[in-house]
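Since the structure comes first, as structure tokens, the remarks are kept for the end.
Numbering (mature numbering (1 follows the signal peptide of the UniProt record, and there is no 0)), first residue to last: -33 to -1, 1 to 85.
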């Protein structure tokens, strides 16, 4: 069941990616194209992608690499979670000081980026 929500807070800039030092050394590969189970509002997608791209580019990714990784990670999230659940996950990730030792991401986001490197 799809649950579109129009209002999203500025917290969706994904500031939690600021500690993503380890992934800067890995070459991104987009996972197989999949059709997301859930659809998110255009505003949420734009805020997520904008914040994600900015954080990854600061970590050394090219714009093209950052775009692919951000789109892939968002698709991974859309495969599993409604927009409401995604907002809860992204908000929690910003507050999560525990980083994945391999990726340098908050552990709550690692599972969405990991398939993008495969």
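Think of the CB as a built atom: it goes at the ideal place given N, C-alpha and C, for glycine as much as any other residue.
How long is the line joining the alpha carbons of residue i and residue j, rounded to whole angstroms?
i	j	result
residue 82	residue 43	8 Å
residue 2	residue 10	19 Å
residue 48	residue 74	17 Å
residue -12	residue 67	At residue -12 the pLDDT is 38, less than 50, meaning the model places this residue with poor confidence; the figure from the coordinates comes in the next sentence. The alpha-carbon atoms of residue -12 and residue 67 are separated by roughly 9 Å.
residue 62	residue 13	21 Å
List the endpoints of the continuous alpha helix (DSSP H) containing residue i.
i	result
residue 37	30 to 47
residue 17	9 to 25
residue 54	50 to 62
residue 79	74 to 80
Label residue i either buried or exposed according to how many other C-beta atoms from any shown protein chain fall within 10 Å of its C-beta, with 16 as the threshold for buried.
i	result
residue 64	exposed
residue 18	buried
residue 53	buried
Using a threshold of 6 Å, is the CB atom of residue i nearer than that to any non-hydrogen atom of the ligand SAH?
i	result
residue 42	No copy of the ligand SAH occurs in the structure displayed, which carries no ligand at all.
Please list, in chain order, all residues of the same chain as residue i whose beta carbon is under 7 Å from its beta carbon, the five residues on each side excluded.
i	result
residue 79	40, 43, 44
residue 24	30, 33
residue 46	1, 3, 4
Taking 8 Å as the limit between beta carbons, can you name the residues of its chain near residue i, skipping five residues before and five after?
i	result
residue 37	15, 16, 19, 20, 23
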